[in-house]
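Visitor: Sending over a structure as structure tokens; questions will come in a sec.
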């Protein structure tokens, strides 16, 4: 029964997040201080998470191994940080599945490559 509740909560968060993104919410936009605007849509217990991490919305989704939410955030331009990579590694250890880590590393490498290209273009 608890597993069913978690699935329902994740699907609800996914639907809320999709509505926010479809209506122009920026997955990387900062709220007050270090808060992220979309964070509550990815974690129903966001106060506890902020107290512990104060982080990007995508990092919450990585930590909870919410692949659907991570993919949706990527579709709308979410940006990873170094903590994202570490959380993905921890998720692999915790779950025994490397799916999240592979997804994050693919996007992390792409992000680094795009940043290098962008810097080269600006220096010319």
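In the numbering used here, the protein residues as written are 6 to 129.
Yeah, the Cβ is synthetic: ideal placement off N, Cα and C, and Gly gets one too.
The structure displayed is predicted, hence computed values, not measured ones.
Where does residue 64 sit, in a helix, a strand or coil, going by DSSP?
Guide: The answer is helix: DSSP assigns residue 64 an H, G or I state.
Visitor: CA-CA distance, residue 36 and residue 126?
Guide: Here the model assigns residue 36 a pLDDT of 43, short of 50, so the residue's position is not dependable, and the following value carries that caveat. The straight-line gap from Cα to Cα measures roughly 31 Å.
Visitor: Please go through the same chain and pick out, in chain order, the residues whose beta-carbon is closer than 7 Å to the beta-carbon of residue 115, but skip the five residues on each side of it.
Guide: Cβ neighbours of residue 115 beyond the five flanking positions: none.
Visitor: Note the first and the last residue of the continuous alpha helix (DSSP H) segment covering residue 72.
Guide: Taken as a continuous stretch (DSSP letters only), the alpha helix (DSSP H) holding residue 72 covers 72-80.
Visitor: Measure the Cβ-Cβ separation of residue 19 and residue 109 and say whether it is below 8 Å.
Guide: Not in contact: residue 19 and residue 109 (Cβ atoms no closer than 8 Å).
Visitor: Quick check: the region 78-85 against the region 99-107, are at least 3 beta-carbon pairs closer than 8 Å?
Guide: Contact fails: fewer than three Cβ-Cβ distances are below 8 Å.
Visitor: Going by the beta-carbon positions, is the gap between residue 85 and residue 22 smaller than 8 Å?
Guide: No, the pair does not count as a contact, with Cβ atoms beyond the cut-off.
Visitor: Would residue 27 be called buried (16 or more neighbouring beta carbons within 10 Å of its own) or exposed?
Guide: Looking at its Cβ environment, which holds fewer than 16 other Cβ atoms inside 10 Å, residue 27 is exposed.
Visitor: Nearest CA to the CA of residue 12: which residue from 69, 32 and 61?
Guide: The option with the nearest alpha carbon to residue 12 is 69.
Visitor: For residue 112, which residues in the same chain have their Cβ closer than 8 Å to its Cβ, ignoring the five residues on either side in sequence?
Guide: Excluding positions up to five away in sequence, the list reads 79 and 85.
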